[in-house]
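2 protein chains.
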Amino acid sequence: MPDLRRDPIVGRWVIISTERNGRPHEFVHLQPARPISTALCPFCPGQERLTPKEIMAYRPQPAEPNAPNWTIRVVPNKFPALHVEGDMGREGVGLYDRMNGVGAHEVIIETPGHTEGLADMPAKKIEDVLWAYRDRIIDLKKDLRLRYILIFKNHGAAAGATLEHSHSQLIALPIVPTSVINEIEGCRAHYEQKERCMYCDILRQDLSDGGRIVAENPEFVCVTPFAPRFPFEMWILPKRHAGYFEESQKTQFEFLAPILSDCLRRMDKVLARPAYNFILHSSPLHERTGDFYHWHLEIIPKLTQVAGFEWGTGFYINPVSPEESAKYLRDAEL
Amino acid sequence: MPDLRRDPIVGRWVIISTERNGRPHEFVHLQPARPISTALCPFCPGQERLTPKEIMAYRPQPAEPNAPNWTIRVVPNKFPALHVEGDMGREGVGLYDRMNGVGAHEVIIETPGHTEGLADMPAKKIEDVLWAYRDRIIDLKKDLRLRYILIFKNHGAAAGATLEHSHSQLIALPIVPTSVINEIEGCRAHYEQKERCMYCDILRQDLSDGGRIVAENPEFVCVTPFAPRFPFEMWILPKRHAGYFEESQKTQFEFLAPILSDCLRRMDKVLARPAYNFILHSSPLHERTGDFYHWHLEIIPKLTQVAGFEWGTGFYINPVSPEESAKYLRDAEL
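Chain order of the listed sequences is A and B. Those letters in the first sequence? Residues 20 to 353, per the numbering used here, in order. Those letters in the second sequence? Residues 20 to 353, per the numbering used here, in order.
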């Protein structure tokens, strides 16, 4: 009998329908991550002139901007979805609302190595990527027109990457997206009723239960959520309550980097290096939601085709239970 | 400057970012609809034994069930996401909620012709498909465990179809999916404030404005929505307020079939027969939302890759404005 499960935060129901389900290898290579282009890569050292002028870079030795010899480099997206300049132009058009696409769209080039993926890097290098995320959020937070910053990674063509050189993206928005509002409102309702953070309650239950734990260390835990939209979906959460990713302390990044590395390598092992997305979920910039909202990182391997049913309802059919996903991931030999 | 637009019903913002945009042919064949299998087709006449036993069929002459000589045939999905038998088994698991996957999952085989798509059929045949939808909803509505019925079509492999023989699907759910709740709540708030249906207001404004109209006839209109998630997304709505698809009168289906045919053919012409989904949005079965919710059909050609950003936020980047999509579709020579 399929299982219907409700996400306790946003109230979204999913069908866990494992009857068509086989072992992980049956999900493998629906659309594998693979080289997209062998053309001259704009993210490689020596090709800096092919990107817009850099916003920030980490270099072991001081050097001119846009010179090689960087370890991480942040540049504006060449085809930005939003523009930094301009006024908001908020207006109503009859019953509709619109505004200008003011915001920022940046690319975080994670490594000078063209073929080095995040899962291949030593944890210390991943820690620097996390610092780059933090530094960009703190800088953009000064712009009071911006209300939300989304950091995400598309890895592999099937997950939407158009360049294979490992990179993440940042989009800063003048509005808070509805699904973030839904998560926050779910947490707010729980907090108002119980004076506790919903994600903290989830962590307590899941750590005690154990069946959906993928990995943990003193500061972080990786779980498969109770009502996952996708097979092998994973969430990494700080164990201690924290609303804002960018307020993390140095020691926290020292624990986040290895667990992220560990989880990506488990996923690569079980699913044979799938395309994937990850998305950082953190509090809106200027709203005091930090008491009841708990930042986390969602990792979604791109294995299934999302069809009309999902678009029509936001109601997902997932062929693998999170307990089974977690077991495969936990048992992977690294 | 990209345009940020808000859907007036669910409050979802989208970016209309046309700077990377070219003409429609540039969207063509990202993943074309194509034959999936030449193996023995379970939906062809004479192969009736390859499906579960039929639930209903239209036949010009009376005949035994599961015999050939049908024009439309409805069968249970061979790999159902939900099962009709069983009790609900609603339970809490600590802070989580779950229930058994009780419901129905049916396939509406729209034609005996293996290669005939919905867009190839005469309007009269499409009308019969609409009657089949209606008949199944009315039958399933008697089961008081069911709270929502979703009818949708995946056409082409890229849109999630696993068999190429033209068919739609029906999923009857014991819950109302969250995105339907979001639409209904948006409409309820508008109605409480103004005593008017939000979609009726949209129709009035769009018909007067004209820029997003694709096609219309005395009973229906097809528009591109103001804040579309996807390029060339279309909504077909009854002009007169109606909350329940299944309460449509005969004359309404006589007008719905030709406008659906017309819009699919316009889409095929402009986008060179893309894969697509359509999803019927109608009121929940046993809640009196019909005063303020307005049923409609959403058509989504499958042209773009949905990446991490969209999953993370429910916030879409659309490279084509709905005014431009509507103009291309309106101007298509059929």
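Backbone N, C-alpha and C fix where the C-beta goes; we use that ideal spot for every residue, glycine too. Since this is a predicted model, take the numbers as computed values, not measurements.
Neighbouring residues, chain A, relative to residue i (Cβ below 9 Å)
| i | result |
| --- | --- |
| R31/B | P196, T197, S198 |
| D220/B | G113, L114 |
| Q224/B | V112, G113, L114, Y115 |
Partner residues on chain D for residue i, Cβ-Cβ distance less than 7 Å
| i | result |
| --- | --- |
| F245/B | Among the protein chains of the structure shown, namely A and B, there is no chain D. |
Endpoints, the beta strand (DSSP E) within which residue i is located
| i | result |
| --- | --- |
| M118/A | 115-119 |
| F187/B | Position check: residue 187/B holds Ser in this sequence, whereas Phe was assumed. S187/B -> beta strand (DSSP E) spans 186-192. |
| V126/B | 123-128 |
| I232/B | 232-235 |
| I298/A | 295-300 |
| I255/B | 253-257 |
| L424/B | The requested residue 424/B is not part of the displayed model; chain B covers only 20 to 353. |
| N173/B | 167-174 |
| R390/A | Shown here, chain A extends from 20 to 353; a query on residue 390/A therefore has no answer. |
| V33/B | 32-35 |
| F98/B | Where F98/B is concerned, there is no enclosing beta strand (DSSP E), given that its DSSP letter is neither H nor E. |
| E110/A | 110-112 |
| H336/A | As written in the sequence, residue 336/A is Ile, which differs from the His given in the question. Looking at the DSSP string, the run of the beta strand (DSSP E) that includes I336/A is 335-337. |
Neighbour list for residue i in chain B, Cβ cutoff strictly below 7 Å
| i | result |
| --- | --- |
| G205/A | Chain B residues near G205/A: none, gap ~11 Å exceeds 7 Å. |
Range covered by the alpha helix (DSSP H) that runs through residue i
| i | result |
| --- | --- |
| E343/A | 341-350 |
| K160/A | Here K160/A belongs to no alpha helix (DSSP H), and DSSP marks it neither H nor E. |
| Y77/A | Premise fails: Y77/A lies in the beta strand (DSSP E), 75-77, not in any alpha helix (DSSP H). |
| L275/A | 269-290 |
| R207/B | 197-213 |
| M217/A | 217-228 |
Rounded separation between residue i and residue j - CA only
| i | j | result |
| --- | --- | --- |
| C63/A | E183/A | 11 Å |
| F311/A | P257/A | 14 Å |
| L361/A | V33/A | Outside the modelled stretch of chain A, which goes from 20 to 353, sits residue 361/A, for which no answer is possible. |
| G136/B | L226/B | 30 Å |
| I91/B | S185/B | 11 Å |
| K160/A | G122/B | 47 Å |
| V240/A | F251/A | 15 Å |
| W314/B | R153/B | 13 Å |
| C7/B | R285/B | Residue 7/B cannot be examined here, being either before or after the span of chain B that is shown, 20 to 353. |
| L222/B | E110/B | 42 Å |
| K288/A | R349/A | 11 Å |
| E202/A | Q224/A | 19 Å |
| R117/B | P27/A | 10 Å |
| P338/A | A291/B | 33 Å |
| Y295/B | A177/B | 8 Å |
| A234/B | C219/B | 17 Å |
| P189/B | E329/A | It should be pointed out that residue 189/B corresponds to Leu in this sequence rather than to Pro. If I take the Cα positions, the gap works out to 13 Å. |
| R25/A | N88/A | 49 Å |
| T130/B | I298/B | 19 Å |
| T70/A | K97/A | 7 Å |
| E73/B | L192/B | 20 Å |
| E343/B | C282/A | 44 Å |
| V47/A | P293/A | Low local confidence applies: a pLDDT of 48 at V47/A is under 50, so the model's placement there is unreliable, and no value is given. |
| T308/B | I200/B | 11 Å |
| P51/A | E273/B | Residue confidence for P51/A is low, a pLDDT of 43 falling below 50, so the modelled location carries little weight and cannot support an answer. |
| W254/A | K346/A | 15 Å |
| P84/A | Y77/A | 10 Å |
| D139/A | N236/A | 20 Å |
| D158/A | Y115/B | 38 Å |
| V29/B | L316/B | 16 Å |
Contact list for residue i against chain A, beta-carbon separation under 7 Å
| i | result |
| --- | --- |
| G333/B | P196, T197, S198 |
Chain-ordered neighbours of residue i on chain A, where CB pairs are closer than 8 Å
| i | result |
| --- | --- |
| I336/B | A100 |
| P193/B | L23 |
Chain B residues whose Cβ lies nearer than 9 Å to that of residue i
| i | result |
| --- | --- |
| P27/A | L114, Y115, D116 |
heavy atom of the ligand PLP below 7 Å from residue i C-beta
| i | result |
| --- | --- |
| I232/A | The model on display carries no ligand, and the ligand PLP is accordingly not part of it. |
Stretch pair the region 286-305 of chain B + the region 165-175 of chain B: three plus CB contacts closer than 8 Å: Contact between the region 286-305 of chain B and the region 165-175 of chain B is present, because at least three Cβ pairs lie under 8 Å.
Interface positions of the region 115-128 of chain A facing chain B (Cβ-Cβ less than 7 Å), listed along the chain: Per Cβ criterion, the list reads Y115, D116, R117, M118, N119, G120.
Where the region 293-310 of chain B meets chain A: residues whose CB sits under 9 Å from a CB there: Result list: Y295, N296, F297, I298, L299, H300.
The region 129-143 of chain A contacting the region 103-114 of chain A, beta-carbon criterion three pairs below 8 Å: At 8 Å Cβ cutoff, the stretches do not touch.
At least three beta-carbon pairs within less than 8 Å, the region 228-239 of chain A to the region 207-215 of chain A: Because the criterion of three Cβ pairs below 8 Å is not met, the region 228-239 of chain A and the region 207-215 of chain A do not touch.
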